[in-house]
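Colleague: The structure's right below; bear with me while I get my questions together.
In our numbering, the protein residues as written are 3 to 123.
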């Protein structure tokens, strides 16, 4: 039986004033689509294309439920959540190439492609 992977993710803009929450079965591809402007809508219209946070889910129904839950959160709550994984508000997108998309990724998996060192140590 095929093992599926789903992600809930939060994007932010350059000034960290806006966020976008989405769900996908391929995090690297979806973030690439946002960065290249291939996804019309709120994130594109407001320049929200930096990956700040993500969570893995094995089942799509759980991922969708979490996405809906997060969309009802206050902005400050979302920012605190982002800071649990990404306290320096880095754009985590450049680190996605180093993640095996078939296992549950975490911030400990993120490796800087230029140095080969872990991003969060």
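C-beta atoms are modelled at their ideal positions from N, C-alpha and C, and glycine is treated no differently.
#1: In this structure, does DSSP put residue 13 in helix, strand or coil?
#2: Terminal residues of the continuous beta strand (DSSP E) containing residue 55?
#3: Checking the sheet assignment: what are the DSSP bridge partners for residue 24?
#4: Counting only the same chain and skipping the five closest in sequence on each side, list residues whose C-beta sits under 8 Å from that of residue 103.
#5: Look at the alpha carbon of residue 67 and the alpha carbon of residue 11, and state the distance between them as a whole number of angstroms.
Modeller: For this structure:
#1: In this structure, residue 13 counts as strand in the three-state DSSP scheme.
#2: Where residue 55 is concerned, the enclosing beta strand (DSSP E) stretches over 52 to 59.
#3: BP columns for residue 24 point to 11.
#4: Caution applies to residue 103, whose pLDDT of 48 falls short of 50 and renders its modelled position unreliable; the value that the coordinates give is listed next. Scanning its chain for C-beta atoms nearer than 8 Å, with the 5 sequence neighbours on each side dropped, one finds around residue 103 the residues 7, 28, 29, 30, in chain order.
#5: Distance between the alpha carbons of residue 67 and residue 11 is about 13 Å.
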